[in-house]
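Participant: Position one of the sequence shown corresponds to residue 1335 (this note's numbering), numbered consecutively onward. Every residue, glycine too, gets a C-beta built ideally from N, C-alpha and C.
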Amino acid sequence: MAQKIVRLTDSVINQIAAGEVVENPASIVKELLENSLDAGSRHIAIAIRGGGLQSIEIEDDGSGMSPEDAVASLERHATSKIRSADDLNSLTTMGFRGEALAAISSISHFELKTSNGENGTFIRTKGSDIQETIPCARNQGTTISVRSLFFNVPARKKFQKSVASNVAQVTKIIEIISCAYPEVSFSYTSHDECILQLPSQRRRERIEAVFGPFPHLGERPALWGLFKAPQDAKSHRRGQVLFINRRPVFSPLISKAVQMGYGTRLKENMYPSFVLFLEVDPAVVDVNVHPQKKEVRLSEESSLFQRVEGFVAECFTSNQEESAPTFSGPLSFEPPAPFLFAEEGNAYYPKMRQGSLPIEVVEKPLTVMGRYLLLEKEGLLLIDLIGAHARVMAEELKKETITTQALLWPLELDMDDPELFQDLQKMGVECRWIGVKKIAVDALPSMIDSSEFLLFISSWKEGKTLDAASVRFCRNLKKRYSLDEAILIWRRLQNCRDRLYDPIGKKIWEKIEQKDLDIWMSRG
Ligand code: ADP
Ligand code: MG
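1. Please name the residue in S1780, R1725, A1774 whose C-alpha comes closest to that of C1859.
2. Starting from D1394, follow its DSSP beta bridges and name the residues at the other end.
3. Name the DSSP bridge partner or partners of H1443?
4. Could you say which of D1757, W1767, Q1759 lies nearest to D1748 if we only look at CA atoms?
5. Within this structure, are the beta carbons of E1602 and S1479 separated by less than 9 Å?
6. Can you grab the Cα-Cα spacing for the pair P1575 / V1487, in whole Å?
7. Are the beta-carbon atoms belonging to K1447 and T1459 less than 9 Å from one another?
8. Name the residue from V1504, A1777, P1547, E1553 whose alpha carbon lies nearest to the alpha carbon of L1530.
9. Quick check for students: name the residue ranges of the alpha helix (DSSP H) that lie wholly in the region 1494–1546, counting only runs of 4 or more.
10. Cβ of M1399 versus every heavy atom of the ligand ADP: is any distance shorter than 8 Å?
11. Runs of 3 residues minimum, wholly inside the region 1728–1763: which ones carry the beta strand (DSSP E) assignment?
12. Nearest CA to the CA of E1402: which residue from N1450, F1520, P1547?
13. Counting only runs that start and end within the region 1546–1610, where is the beta strand (DSSP E) found for 3 or more residues in a row?
14. If you draw a straight line from the C-alpha of S1375 to the C-alpha of S1519, how long is it?
15. Going by alpha carbons, who is nearest to Y1596 out of V1642, A1381, D1852?
16. Bridge partners for W1767 per DSSP, in chain order?
17. Buried or exposed: T1330, going by 16 or more other Cβ atoms within 10 Å of its Cβ?
18. Looking at E1409 and A1436, is the spacing between their C-beta atoms short of 9 Å?
19. Check whether the Cβ of S1370 sits closer than 8 Å to any heavy atom of the ligand ADP, and report yes or no.
20. Quick one, which of R1580, K1798, S1482 has its alpha-carbon nearest P1359's?
21. For K1849, list the residues DSSP reports as bridge partners.
22. From which residue to which residue does the beta strand (DSSP E) around D1615 run?
23. By DSSP, does P1469 sit in helix, in strand, or in coil?
24. If you reduce the DSSP assignment to three classes, tell me which class P1488 lands in.
25. Taking 8 Å as the cut-off, is the CB of E1365 close to at least one heavy atom of the ligand MG?
26. If you run the structure through DSSP and keep just helix, strand and coil, what is V1619?
27. DSSP has S1389 in a bridge; who is on the other side?
28. In terms of DSSP beta bridges, what is S1449 paired with?
29. Cβ of A1404 within 8 Å of any heavy atom in the ligand MG?
30. Below 8 Å, is the gap between the Cβ of A1436 and the nearest heavy atom of the ligand MG?
31. Is the beta carbon of V1544 closer than 9 Å to that of I1382?
32. Does the separation of the CB atoms of Q1474 and G1559 fall below 9 Å?
33. Cβ of D1394 within 8 Å of any heavy atom in the ligand ADP?
34. Express the C-alpha separation of H1377 and S1784 in angstroms, rounding to a whole number.
35. Quick one: residues in its chain with C-beta nearer than 7 Å to the C-beta of P1669, no 5 flanking neighbours on either side, listed in chain order?
36. Quick check on this structure: which residue in V1592, V1363, L1708 has the alpha carbon closest to the alpha carbon of T1523?
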């Protein structure tokens, strides 16, 4: 039976819009941070609990709002930043749609405390309903607190990631945005534990405090970049940070241009890490193509491509001998994420970074030879790393709670097999349909690197079962294991239920005793 058409209420409209703007705690932190920066703040403090699902609080000393503006700011399409569509061509602020506060307040218990230096206002809302508006005392600036996120959107709440992965995502957003505003000081805590404390700094100082040292610097009008050495390139693009007009964005085009600039210094399929700032005429960038403003459309692409490529190439030839500055920043470059060993509460990842062996050595690792690790332990142990890796992986992916690693930019894939889609979800791959035959992947089990995900899918199709797929995947990876990686696999194997056999029943390790050597060498 046909339903009568009714106009949706504002609170329902806001909730629908919230689906686009507010995906998770990190997207909220991003919107609120942008607002604080647009308001000209010098100090911003962010505090989260429960990965942001429990609460997000952000306090700034920016312009604040008058009582009238404070009320208006929660309405949809209410913005102080543009007046006409033409203003999009000369945009200098991060926000412009007037959507974020309306959306965020529609799906949370929301409080706004703000003062323009003259009048302070406190507003409390619950799912868009204003519960209280009263004058209050506050220094100039704004405090926003968002609690019980998604309390009225259970479906969205159900699909939220683990606390650790939300914290990692929020951290990444703050780290990135802080690089574009080095003059602003940031403090950031999770459950009162300090994660970032950044004083007002120079740009390079800020970036190196966040991402570690960069040996190569390039400066030209409208282009500024720090580049890691070619030998530190990675098999994924997570170390690439691009700002266009101070807005953090993703652009495959610019990423490719930088890669070309590194030229033959890079090994095949390796991606350099960099932080690049590009200033372009606001009319050349269309920021209005992505709900979260993560992607931009660039006109005059080919000239930009050449400019960036030339810039990067030149900065390698001009300061090749510049040595890496010593570094005493608070954080290491990558969020603990890559490859195999990033997991909640993983004690050895940080230790590994300092170059120490991650295990108490009762067995002494000797060397890696191809797919084998040779270990000394009451004689010798020969370990098949592919089998061990596959065993660790299969058991990990079968766990009920799988540690996932959120991707900063969702991965888009063609998908014509709904069953495969369901299988992926069961394995902890967080994905959703974005078209009839297209999915977006938001997070991967931390066992699988995003650059290896396609290989994983093809191994899965070949293998059909998780056991067979794990073995095929590890074989197809053709990975050259470093000694550190090999040791960690061995270590992880010790936590597996079956430590003897790989998932398809082949023995993972063999003990070699002196008598075996004697037989082998025909001595005796
Ligand atoms: P937009 O940023 O796209 O304009 P928002 O919904 O994020 O939309 O914010 C609405 C308006 O509220 C902003 O245009 C700004 O005038 C005001 N506002 C929001 N946050 C702050 C803040 N931290 N300080 C001062 N004004 C703010
Ligand atoms: Mg905004």
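Facilitator: Looking at the atomic coordinates:
1. Nothing about residue 1859 can be reported from this structure: the residues present for the chain run from 1335 to 1858 only.
2. I1378, T1476
3. Per DSSP, the beta bridge partners of H1443 are K1460, R1481.
4. With distances taken between Cα atoms, D1748 lies closest to W1767.
5. No. Outside cutoff.
6. Here the sequence assigns Val to residue 1575, which means Pro is not the residue at that position. About 33 Å.
7. K1447 is not a Cβ neighbour of T1459, given a cutoff of 9 Å.
8. V1504
9. 1497–1514, 1537–1545
10. yes
11. 1738–1748
12. N1450
13. 1550–1554, 1557–1561, 1574–1578, 1581–1583
14. 9 Å
15. V1642
16. I1773
17. Nothing about residue 1330 can be reported from this structure: the residues present for the chain run from 1335 to 1858 only.
18. The Cβ atoms of A1436 and E1409 lie closer than 9 Å to each other.
19. yes
20. S1482
21. Answer is none; K1849 lacks a bridge partner.
22. The continuous stretches of beta strand (DSSP E) do not include D1615, and DSSP gives it neither H nor E.
23. strand
24. helix
25. yes
26. strand
27. R1383, R1481
28. G1454, G1475
29. no
30. no
31. no
32. No, the Cβ-Cβ distance between Q1474 and G1559 is not below 9 Å.
33. yes
34. 35 Å
35. No answer about P1669 holds up, because its pLDDT of 27 lies below 50 and its placement is not dependable.
36. V1363
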